[in-house]
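Participant:
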Ligand SMILES: [Fe+2]
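Residue numbers (the working numbering): 1 to 254.
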């Protein structure tokens, strides 16, 4: 039974839920991959690093297929279209550095995709065609006390994809990165600017593979900017974000 269905969002501990022999090894491979993420071309100098790849999952078999990438100057890219839901990039078409092939094959990553998929729910007709899966590796990295790494958009929002999940990979020496869940009507505002009764939960994910997921139509969500903590070394907050969307069939009568 989907934990998300009831409240429009849910929190998970996937290290515990997925526990299998070799999970730590696979987690280490993902963690190490985050140490060399390229800077987000669309947010230069904002202390944000990312990779992105797309897959499809077949509802019948739950088999995952990674979609082909675009190669430019020997660098692999995956295209991304967010539609109208990100107010900072309305209708944006973007190309991100792809997740490398060996990481796309990481068993833990594939198990996470499957586990999230099992939490999603769809109309029967949506399950005739593949479900589209967008996988973002996002690292916020703060070196100096004055640095601030901001997630986009910097307000409560809805993503446009029916389901989005966030999985913590690493959180070290940072303040902020606090998650908020609110009613959909709160979108566009900061959590501190809305009526307390419209705020559903405020929390932080701090442990490896501590996770949450949202059913987008039912809630808005937010993560606050990240700043360096008090320790005398860099601060980092790394997450894997995974969104799920049905295949949209064009209406030929329009
Ligand atoms: Fe979001």
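Every residue gets a Cβ at the ideal spot worked out from N, C-alpha and C, and that includes glycine.
Quick test of your reading: residue 244 and residue 9, contact by CB under 8 Å. State the CB separation rounded to the nearest angstrom.
Facilitator: Going by Cβ atoms, the distance from residue 244 to residue 9 rounds to 14 Å, so no, they are not a contact pair.
Participant: Alpha carbon to alpha carbon, how far is residue 96 from residue 5?
Facilitator: In a straight line, the C-alpha of residue 96 is about 31 Å away from that of residue 5.
Participant: Compute the Euclidean distance between the alpha carbons of residue 198 and residue 181, then round it to the nearest angstrom.
Facilitator: Those two C-alpha atoms are separated by around 9 Å.
Participant: Excluding sequence positions up to five away, which residues of its chain have a Cβ less than 8 Å from the Cβ of residue 156?
Facilitator: 180, 182, 186, 187, 188, 189, 190, 191, 194, 220, 221 and 222, listed in sequence order.
Participant: Do residue 165 and residue 2 count as a contact pair if the criterion is CB distance below 7 Å?
Facilitator: Contact flag unset, no.
Participant: Would the beta-carbon of residue 159 be found less than 6 Å away from any heavy atom of ligand 1?
Facilitator: Yes, ligand 1 has a heavy atom inside 6 Å of this Cβ.
Participant: Could you check whether residue 80 and residue 52 sit closer than 7 Å to each other, using their CB atoms as the reference points?
Facilitator: Cβ distance < 7 Å, so residue 52 and residue 80 count as in contact.
Participant: Does the pairing of the segment 58 to 68 with the segment 137 to 147 give three or more beta-carbon distances under 8 Å?
Facilitator: The segment 58 to 68 vs the segment 137 to 147: no contact.
Participant: Got a sec? Which residues, its chain only, sit under 6 Å from residue 209 by beta carbon, not counting five neighbours each side?
Facilitator: So the list reads 14, 15 and 167, once near-sequence residues are dropped.
Participant: Start and end of the alpha helix (DSSP H) containing residue 42?
Facilitator: Run containing residue 42: none; DSSP gives neither H nor E here.
Participant: Measuring alpha carbon to alpha carbon, tell me which of 32, 134 and 150 ends up nearest residue 116.
Facilitator: Comparing Cα positions, the closest option is 134.
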